[in-house]
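Using the numbering used here, the letters of the sequence shown map in sequence onto residues 556 to 1110.
Data block below; observations after.
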Amino acid sequence: MSGMMMKLLLLLCLSLGTISVVHCGDPTLFFTWNITYGTISPLGVPQQVILINGAFPGPNINSTTNNNLVVNVFNNLDEPFLLTWSGIQQKKNSWQDGTLGTMCPIPAGKNFTYQFQVKDQIGSFMYYPTTAMHRAGGAFGGLRVNSRLLIPVPYAPPEDDYTVLIGDWYTKSHSTLRKQLDSGRTIAKPDGVLINGKNAKGDGKDEPLFTMKAGKTYKYRICNVGLKNSLNFRIQEHQMTLVEMEGSHTVQNTYESLDVHVGQCMAVLVAADQEPKDYYMVASTRFTKSVLLGKGIVRYENGKGPASPELPEAPVGWAWSLNQFRSFRWNLTSSAARPNPQGSYHYGKINITRTIRLVNSAAKVDGKLRYSVSGVSHVDPETPLKLAEYYGVANKVFKIDTIKDEPPADADTKVVLQPNVVNQTHKDFVEIIFENHEKSLQSWHVSGYAFFAVAVEPGKWTPEKRKNYNLLDAVSRHTIQVYPKSWGAIMIAFDNPGMWNIRSEQAERRYLGQQLYITVPNPARSLRDEYNMPDVSLLCGVIKDMPKPPPFSSN
556 MSGMMMKLLL
566 LLCLSLGTIS
576 VVHCGDPTLF
586 FTWNITYGTI
596 SPLGVPQQVI
606 LINGAFPGPN
616 INSTTNNNLV
626 VNVFNNLDEP
636 FLLTWSGIQQ
646 KKNSWQDGTL
656 GTMCPIPAGK
666 NFTYQFQVKD
676 QIGSFMYYPT
686 TAMHRAGGAF
696 GGLRVNSRLL
706 IPVPYAPPED
716 DYTVLIGDWY
726 TKSHSTLRKQ
736 LDSGRTIAKP
746 DGVLINGKNA
756 KGDGKDEPLF
766 TMKAGKTYKY
776 RICNVGLKNS
786 LNFRIQEHQM
796 TLVEMEGSHT
806 VQNTYESLDV
816 HVGQCMAVLV
826 AADQEPKDYY
836 MVASTRFTKS
846 VLLGKGIVRY
856 ENGKGPASPE
866 LPEAPVGWAW
876 SLNQFRSFRW
886 NLTSSAARPN
896 PQGSYHYGKI
906 NITRTIRLVN
916 SAAKVDGKLR
926 YSVSGVSHVD
936 PETPLKLAEY
946 YGVANKVFKI
956 DTIKDEPPAD
966 ADTKVVLQPN
976 VVNQTHKDFV
986 EIIFENHEKS
996 LQSWHVSGYA
1006 FFAVAVEPGK
1016 WTPEKRKNYN
1026 LLDAVSRHTI
1036 QVYPKSWGAI
1046 MIAFDNPGMW
1056 NIRSEQAERR
1066 YLGQQLYITV
1076 PNPARSLRDE
1086 YNMPDVSLLC
1096 GVIKDMPKPP
1106 PFSSN
């Protein structure tokens, strides 16, 4: 580490505003990212994209449990910009979650330094923009958190560790797509599918995305960074053993293909046990009338011969996908980020203190398309919700409990536009039901937490459905998919104070209001429960010129 970095770390550790965010006993990784526009042709059509340090996709963050991450982001775009660290739980630190409900965006031409710790986590995650429709332009990438050397993982070390970013893609720019949504129209279907920002042409000139040595085993971390579509992922003539999903080791089932829904990440082991030559990895859209497909080359070292043009077929129908979801199980005998077994947390024996039913819907408001949660289509106020709460002016910015635990009968058709905020008592154990009355698959994310995805079933939810819950080994994760005319149930311990986002991972739906915030207050204003607002925080809206409130107490 350079002397300048050491000096910076010392300053960070001495700063009262950041001492609780950067932990001086743990290694710190420093990154400087320049966000710029660039022109490339991922689908053969020149278009404007968003680059990080000139790269599309952005750089991969390779960290280890309890590392501190310091990411200095310079926004060289012509509009405000934010990144979120999807799946990183950020204990006591919603200040850095990277959503417009928690942070002021980085103004054009300015910079902001994120400072957070990947505390007590392992696994495969991603980062992406949350402002406007920037995710449609790029600026996304992989974020891995490796286990510490002293903590065993339930499989032999792989020969190498690869990140595979799959996603649907539009040839229209992010600003054009945003204008479509602002005008009241949908962005319709994408134009193609990319794997790590590319789509192999199959003309014999494609460079490999990854290489393998015959006889070795490799780890592939697969994340769906797209905007709209679930994707099925497979590798020609190779099987995949699932070993980890969004921060949890899984029972090691083997699959020929995996459905990866928007916002989800999975890690698999792949044995290089086939004839040494080229093979295609394939990602294709699911549950669409016309199938879009992306390809990438995996090459064996010293292999001879091109990849076969005969691609492995994708499964058909969402019932197959539902059955695959049911096959995912938590590995109860493996250690996680700490040496205790994952399964030592007996979530099925904890009493539920609250049940919240959330219904997603699409409706026209003043002739324009909006998406909602239980009848409320979220609108981001000029002042971030978390800052308004911290400065004591929440009543000037938003109302609490805009939706009730039971959705109104007309939630599918009657939509109100306003900030959507739900109050939640600290340390309650809560059941959340996602009800999907629509004909399209939904994908949901909860920031700041991992939850137990205990059930996804067709039909409508009733209390009697609890008898079908998996109360033993449901995977602890941060996303859940809900199939058409179906429901999904999660269980979550709200033990992390702050302002946390529950959102549709489908960018169009999120942008047009299908999200809400859960505020888990810190009424004692205690540092035991939540960190102070960092001194480097950007200020905007009604609190911009207000005096900073007293810091939290260490009592």
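Even for Gly, the Cβ is constructed at its ideal location relative to N, Cα and C.
Discussion item. Tell me whether the region 922 to 929 and the region 1067 to 1075 touch, counting them as touching only if at least three CB pairs, one residue from each stretch, are closer than 8 Å.
Written reply: Yes, the region 922 to 929 is in contact with the region 1067 to 1075.
Worksheet entry | Test item: CB-CB of residue 963 and residue 912 under 8 Å | Taking the first residue of the sequence shown as position 1, residue 963 is located at position 408. Taking the first residue of the sequence shown as position 1, residue 912 is located at position 357. No, the Cβ-Cβ distance between residue 963 and residue 912 is not below 8 Å.
Worksheet item: Residues bridged to residue 671 by DSSP?
Response: Taking the sequence shown and counting its residues from 1, one reaches residue 671 at position 116. Checking the DSSP bridge columns, you'll see residue 671 partnered with 624.
Worksheet item: So, using beta-carbon positions, are residue 835 and residue 793 closer together than 8 Å?
Response: The sequence position of residue 835 within the sequence shown is 280, counting from 1. The sequence position of residue 793 within the sequence shown is 238, counting from 1. No.
Item to complete: Give a single yes or no on whether residue 932 has its beta carbon closer than 7 Å to a heavy atom of the ligand SAM.
Response: Annotation note on the ligand SAM: not contained in the displayed structure, which lists no ligands.
Worksheet item: In this structure, does DSSP put residue 826 in helix, strand or coil?
Response: Residue numbering aside, residue 826 sits at position 271 when the sequence shown is read from its first letter. Looking at residue 826 - three-state DSSP - the assignment turns out to be strand.
Worksheet item: Could you check where the alpha helix (DSSP H) with residue 859 kicks off and where it finishes?
Response: Counting from 1 along the sequence shown, the entry for residue 859 is found at position 304. Run containing residue 859: none; DSSP gives neither H nor E here.
Worksheet entry | Element boundaries [beta strand (DSSP E), containing residue 1093] | Residue numbering aside, residue 1093 sits at position 538 when the sequence shown is read from its first letter. Where residue 1093 is concerned, there is no enclosing beta strand (DSSP E), given that its DSSP letter is neither H nor E.
Discussion item. Taking 7 Å as the limit between beta carbons, can you name the residues of its chain near residue 1023, skipping five residues before and five after?
Written reply: Position 468 of the sequence shown, counted from the first residue, corresponds to residue 1023. Cβ neighbours of residue 1023 beyond the five flanking positions: 1010 and 1012.
Fill in: C-alpha distance - residue 971 paired with residue 931, whole-angstrom precision
Within the sequence shown, the letter at position 416 stands for residue 971. Within the sequence shown, the letter at position 376 stands for residue 931. The straight-line gap separating the alpha-carbon atoms of residue 971 and residue 931 is approximately 5 Å.
Discussion item. According to DSSP, simplified to helix, strand and coil, what is residue 874?
Written reply: On the sequence shown, position 319 is the one that residue 874 refers to. Helix at residue 874.
Discussion item. For residue 917 and residue 743, I'd like the C-alpha separation in whole angstroms.
Written reply: Sequence index remark: in the sequence shown, residue 917 carries index 362 (1-based). Sequence index remark: in the sequence shown, residue 743 carries index 188 (1-based). Taking the straight line from one Cα to the other gives about 14 Å.
Discussion item. I'd like the list of long-range same chain contacts for residue 987, defined as Cβ closer than 7 Å, with 5 residues on each side in sequence excluded.
Written reply: The residue labelled residue 987 in the question sits at position 432 within the sequence shown. Cβ within range, chain order: 911, 913, 1045 and 1047.
Practice prompt. Give every residue of the same chain whose Cβ lies closer than 6 Å to the Cβ of residue 1103, excluding the five residues on either side of it in the sequence, and list them in chain order.
Written response: Taking the sequence shown and counting its residues from 1, one reaches residue 1103 at position 548. Closer than 6 Å at the Cβ level, and outside the excluded window around residue 1103, lies no residue.
Worksheet entry | Identified DSSP bridge partners for residue 776 | For this step, residue 776 is matched to residue 221 along the sequence shown. Answer is 718 and 822.
Discussion item. Less than 8 Å between the C-beta atoms of residue 825 and residue 773, yes or no?
Written reply: The residue you call residue 825 lines up with position 270 of the sequence shown. The residue you call residue 773 lines up with position 218 of the sequence shown. Yes, these two residues count as a Cβ contact at 8 Å.
Worksheet item: Is the beta carbon of residue 855 sitting closer than 8 Å to the one on residue 767?
Response: The count along the sequence shown starts at 1 and reaches residue 855 at position 300. The count along the sequence shown starts at 1 and reaches residue 767 at position 212. Yes, Cβ-Cβ distance for residue 855 and residue 767 is below 8 Å.
Item to complete: Report buried or exposed for residue 620, applying the criterion of at least 16 other Cβ atoms within 10 angstroms of its Cβ.
Response: Numbered from 1 along the sequence shown, position 65 holds the residue referred to as residue 620. Flag for residue 620 reads buried.
Discussion item. Our contact map puts residue 805 next to residue 799 with C-beta atoms below 8 Å; I'd like the distance itself, whole angstroms only.
Written reply: Numbered from 1 along the sequence shown, position 250 holds the residue referred to as residue 805. Numbered from 1 along the sequence shown, position 244 holds the residue referred to as residue 799. About 6 Å separates the CB atoms of residue 805 and residue 799; that is less than 8 Å, so the two are in contact.
Item to complete: Decide if residue 661 is buried, meaning its Cβ has at least 16 other Cβ atoms within 10 Å, or exposed.
Response: Numbered from its first residue, the sequence shown carries residue 661 at position 106. Around the beta-carbon of residue 661, 16 or more other beta-carbon atoms lie within 10 Å, marking it buried.
Fill in: Boundaries (first-last residue) of the beta strand (DSSP E) holding residue 516
For residue 516 there is no data in the structure shown, the boundaries of the chain being 556 and 1110.
Worksheet entry | Close Cβ partners of residue 847 (< 6 Å) along its chain, the five nearest in sequence each way excluded | Residue mapping note: residue 847 aligns to position 292 of the sequence shown, counting from 1. Sequence-distant partners of residue 847 (beyond 5 residues in either direction) whose C-beta falls short of 6 Å from its own C-beta, in its chain, are 747, 748 and 840.
Worksheet item: Is the Cβ-Cβ distance between residue 878 and residue 819 less than 8 Å?
Response: By 1-based counting over the sequence shown, the position of residue 878 is 323. By 1-based counting over the sequence shown, the position of residue 819 is 264. In terms of Cβ geometry, residue 878 and residue 819 do not form a close pair [threshold 8 Å].
Worksheet entry | Range of the contiguous beta strand (DSSP E) that encloses residue 924 | The count along the sequence shown starts at 1 and reaches residue 924 at position 369. Per DSSP, the unbroken beta strand (DSSP E) holding residue 924 starts and ends at 923 to 928.
Fill in: Straight-line gap, residue 763 to residue 844 (C-alpha atoms, nearest Å)
As a first step, residue 763 must be located in the sequence shown, where it is residue number 208. As a first step, residue 844 must be located in the sequence shown, where it is residue number 289. For the pair residue 763 and residue 844, the Cα-to-Cα distance works out to about 30 Å.
Worksheet item: Which full runs of the beta strand (DSSP E) of 3+ residues lie inside the region 634 to 673, going along the chain?
Response: DSSP runs (the beta strand (DSSP E)) wholly in the region 634 to 673: 638 to 641 and 666 to 672.
Worksheet entry | Length of the line joining the Cα atoms of residue 696 and residue 937 | The sequence position of residue 696 within the sequence shown is 141, counting from 1. The sequence position of residue 937 within the sequence shown is 382, counting from 1. Distance from the CA atom of residue 696 to the CA atom of residue 937, rounded to whole angstroms, is 28 Å.
Worksheet item: Between residue 668 and residue 687, what straight-line distance do the alpha-carbon atoms span, to the nearest angstrom?
Response: Looking up residue 668 in the sequence shown gives position 113. Looking up residue 687 in the sequence shown gives position 132. Answer to the nearest angstrom: the Cα atoms are 20 Å apart.
Practice prompt. Please report how far the alpha carbon of residue 837 lies from the alpha carbon of residue 788, in whole angstroms.
Written response: By 1-based counting over the sequence shown, the position of residue 837 is 282. By 1-based counting over the sequence shown, the position of residue 788 is 233. Rounded to the nearest whole angstrom, the C-alpha separation of residue 837 and residue 788 is 6 Å.
Discussion item. Under 8 Å, with one C-beta from each stretch per pair, do the region 593 to 601 and the region 675 to 687 reach the 3-pair mark?
Written reply: Because the criterion of three Cβ pairs below 8 Å is not met, the region 593 to 601 and the region 675 to 687 do not touch.
Worksheet item: In the DSSP assignment, what residue or residues form a beta bridge with residue 740?
Response: As a working mapping, residue 740 is identified with position 185 in the sequence shown. For residue 740, which the question treats as bridged, DSSP gives no partner whatsoever.
Worksheet item: Beta carbon of residue 651, beta carbon of residue 671: below 8 Å?
Response: Here the question's residue 651 lines up with position 96 in the sequence shown. Here the question's residue 671 lines up with position 116 in the sequence shown. Cβ distance < 8 Å, so residue 651 and residue 671 count as in contact.
Worksheet item: Between the C-alpha atoms of residue 782 and residue 639, what's the straight-line distance to the nearest angstrom?
Response: As a first step, residue 782 must be located in the sequence shown, where it is residue number 227. As a first step, residue 639 must be located in the sequence shown, where it is residue number 84. So the alpha carbons of these two residues sit roughly 15 Å apart.
Practice prompt. With distances taken Cα to Cα, identify the nearest neighbour of residue 985 among 739, 690 and 1007.
Written response: Reading the sequence shown from its first residue, position 430 is the one you call residue 985. Residue 985 has its Cα closest to that of 1007, out of 739, 690 and 1007.
Fill in: Residue of 612, 626, 718 and 958 minimising C-alpha distance to residue 587
The count along the sequence shown starts at 1 and reaches residue 587 at position 32. Here the closest residue by C-alpha is 626.
Worksheet entry | C-alpha distance - residue 1000 paired with residue 859, whole-angstrom precision | Taking the first residue of the sequence shown as position 1, residue 1000 is located at position 445. Taking the first residue of the sequence shown as position 1, residue 859 is located at position 304. Near 43 Å, if we compare the C-alpha coordinates of residue 859 and residue 1000.
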